[in-house]
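A.B. asks: For the sequence shown, UniProt numbering gives the first residue as 1, with consecutive numbering after it.
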Amino acid sequence: MTTDRKALPPGGVISSLYARGLLDYLRTRGVDPDRLYGPARVAQLDAGRGHEEIPLAEWIAMFELAIAHCKDPSLPLKAGASLHVRHLGVLGHVLMNCETLGEVAAQLGRYIRLLGQIGQPEAIIKGDRVHFLWRWPYDTPAAPSVAQFMLGARAMFMRWLSDRPGLRYDAHLHFPRPVDVSAYEQVFGGALKFGQPDSKMVFPTTYMHLPVAHADDDLRRQVEARAQSMLQRLAGEPELLRSLKTVLSRNLANGRVALADSAGALALTPRTLQRRLEAFGQSYQRVLDEVRRHTAENLLRDPQVSLTQIAFLLGYTEQSTFHNAFRRWTQLSPGVYRKRQFAAAGGRPARRVRRRQRVR
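Right, here's the structure in full:
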């Protein structure tokens, strides 16, 4: 059940948090993501804090590599069902503090853009049943791996948020029935229908009235204000700048960050790219510095990544060049910045948490 390369969406981005969800799932299966995607790219994705976006086509290609390596066509479904709230960023905290699952569905639709350009969820009530659809927003055919991941995640989160592990859903999938449906039976628990017009979950309307366990009204106001701020930032930043930052983030480690490289990736001439950036009051070097600084600050929070490795991941051939650039950006050396981050966190480096796998 692979995706035709010609069918991959030419545009569109997704939050790097979702990519990290896939990486974490692979680790629970004993698979080293470095072997599939390369140590440099994995380090970049692990270091992200959720504000970065990667091309949607790259994320789909990551699934294809994982499926081929594990020989498991249902891997995206299992990865989606194993997500943790940390893989949703601020949106996860918004959902945790809703009053009911009905409000969860509404807030998911409101803030889904924080997780990328991945389609709009829609809850349609038909009699005593809710049809919770996932709509693919591109002209190309919807990728089966993305549908699996999205519905698997929603099935799991509805159970987790309501503290009702017994919730069951009928699942409608737009792709052909696979040979082995055992994972689908485990994740959804209800009737399975393949080859349908839309991918969706169908369940009783009573589910929408179930309360969210452990919601906190005070925390809710704080996290929703943050989500609104992030949404406004995404809406206010020109598409060209977002696309350029995505291209630069992807190419830092391989050193392909010259103006001509990025212009070619955006199907523009170097002069056209420069002119459009100038119209936004930006320069190519300023944007490159911003991406490098943001990436460096994230990597410096991980004590397992050396300064030499960080210099390499930023595309520098010499550690001294990275050192001088970072001091220019922050007026601090990378070492001092790292020590201050650890001190602010209580004197201990942040530890990466791995959660137990839910579905095999």
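Think of the CB as a built atom: it goes at the ideal place given N, C-alpha and C, for glycine as much as any other residue.
1. Could you have a look at T269 and say whether DSSP puts it in helix, strand or coil?
2. Between the stretch 169 to 185 and the stretch 59 to 67, do at least 3 Cβ pairs fall closer than 8 Å?
3. Just how far apart, CA to CA, sit Q196 and F175?
4. Output the residue ranges of the beta strand (DSSP E) runs that lie fully inside the stretch 46 to 128 and measure 3 residues or longer, sorted by chain position.
5. Quickly, what does DSSP pair A171 with across the bridge? List them, please.
6. Out of D198, V179, Y169 and H84, which has the shortest C-alpha to C-alpha gap to Q120?
7. With a cut-off of 8 Å, do at least 3 Cβ pairs link the stretch 136 to 152 to the stretch 246 to 265?
8. I'd like to check one pair, S162 with G89: are the Cβ atoms closer than 8 Å?
9. In angstroms with no decimal places, state the Cα-to-Cα distance between Q285 and D32.
10. Quick one: what's got a C-beta closer than 6 Å to R159's C-beta in the same chain, skipping five residues either side?
11. Taking C-beta to C-beta, are L299 and V305 nearer than 8 Å?
12. Which stretch, first to last residue, makes up the beta strand (DSSP E) that contains S15?
13. Cα-Cα, which of L241, E318, H294 and Q319 is closest to T330?
14. Residues bridged to F132 by DSSP?
15. Using the rule of at least 16 other Cβ atoms within 10 Å of the residue's Cβ for burial, across every protein chain shown, is L91 buried or exposed?
16. Smallest Cα separation from S82: which of L332, T28, N97 and L45?
17. Tell me whether P33 sits in a helix, a strand or coil according to DSSP, three-state version.
18. For H214, report the span of its alpha helix (DSSP H) as first-last.
19. Considering only their Cβ atoms, is the gap separating Q148 from G80 smaller than 8 Å?
20. Apart from the five residues just before and just after Q357, which ones in its own chain have a Cβ nearer than 6 Å to its Cβ?
21. Consider the C-beta atom of Q228 and the heavy atoms of the ligand NAP; say whether any pair is separated by less than 7 Å.
22. Which two residues bound the contiguous alpha helix (DSSP H) that contains F303?
23. In this structure, how does DSSP classify R354 when only helix, strand and coil are distinguished?
C.D. replies: The short version:
1. Counting from one through the sequence shown, the residue named residue 269 turns up at place 269. For T269, the three-state secondary structure derived from DSSP is coil.
2. Short answer: they don't touch.
3. As a position in the sequence shown, residue 196 is number 196, starting the count at 1. As a position in the sequence shown, residue 175 is number 175, starting the count at 1. Rounded to whole angstroms, Q196 to F175 spans 7 Å at the Cα level.
4. Listed in chain order, they are 53 to 55 and 120 to 126.
5. The residue given as residue 171 occupies position 171 in the sequence shown. As a beta-bridge residue in DSSP terms, A171 pairs with L192 and M201.
6. The sequence position of residue 120 within the sequence shown is 120, counting from 1. Ranking D198, V179, Y169 and H84 by CA distance to the CA of Q120 puts D198 first.
7. The stretch 136 to 152, when compared against the stretch 246 to 265, does not touch it at the 8 Å Cβ threshold.
8. As a position in the sequence shown, residue 89 is number 89, starting the count at 1. As a position in the sequence shown, residue 162 is number 162, starting the count at 1. Result no, Cβ atoms of G89 and S162 do not sit closer than 8 Å.
9. Sequence index remark: in the sequence shown, residue 285 carries index 285 (1-based). Sequence index remark: in the sequence shown, residue 32 carries index 32 (1-based). Going from the Cα of Q285 to the Cα of D32 covers about 35 Å.
10. Counted from its first residue, the sequence shown places residue 159 at position 159. So the list reads P165 and L167, once near-sequence residues are dropped.
11. Here residue 299 refers to the residue found at position 299 when the sequence shown is read from its first residue. Here residue 305 refers to the residue found at position 305 when the sequence shown is read from its first residue. Taking 8 Å as the Cβ cut-off, L299 and V305 qualify as a contacting pair.
12. If you number the sequence shown from 1, residue 15 lands on position 15. For S15, the enclosing beta strand (DSSP E) begins and ends at V13 to S15.
13. Counting from 1 along the sequence shown, the entry for residue 330 is found at position 330. Checked all of L241, E318, H294 and Q319; the closest Cα to T330 is H294.
14. Reading the sequence shown from its first residue, position 132 is the one you call residue 132. Bridge partners of F132: A123 and M201.
15. Translated into positions along the sequence shown, residue 91 becomes position 91. If you draw a 10 Å sphere on the C-beta of L91, you find 16 or more other C-beta atoms in it, and that means buried.
16. Against the sequence shown, residue 82 aligns to sequence position 82. Closest option to S82, Cα to Cα, is T28.
17. The sequence position of residue 33 within the sequence shown is 33, counting from 1. Helix at P33.
18. Taking the first residue of the sequence shown as position 1, residue 214 is located at position 214. For H214, there is no enclosing alpha helix (DSSP H), as DSSP gives it neither H nor E.
19. The sequence position of residue 80 within the sequence shown is 80, counting from 1. The sequence position of residue 148 within the sequence shown is 148, counting from 1. A distance below 8 Å separates the beta carbons of G80 and Q148.
20. What you label residue 357 is simply residue 357 of the sequence shown in a count that begins at 1. Its pLDDT being 38, under 50, Q357 is placed unreliably by the model, and the measurement read from it follows with that caveat. Around Q357: T28 and S82.
21. Inclusion of the ligand NAP in the displayed structure is not the case, the ligand content being empty and no account of it being possible.
22. As a first step, residue 303 must be located in the sequence shown, where it is residue number 303. Checking the sequence, you will find Pro at residue 303 rather than Phe. Counting along the chain, P303 falls outside any alpha helix (DSSP H), and DSSP gives it neither H nor E.
23. Here residue 354 refers to the residue found at position 354 when the sequence shown is read from its first residue. Its pLDDT being 36, under 50, R354 is placed unreliably in this model, and the coordinates cannot settle the point.
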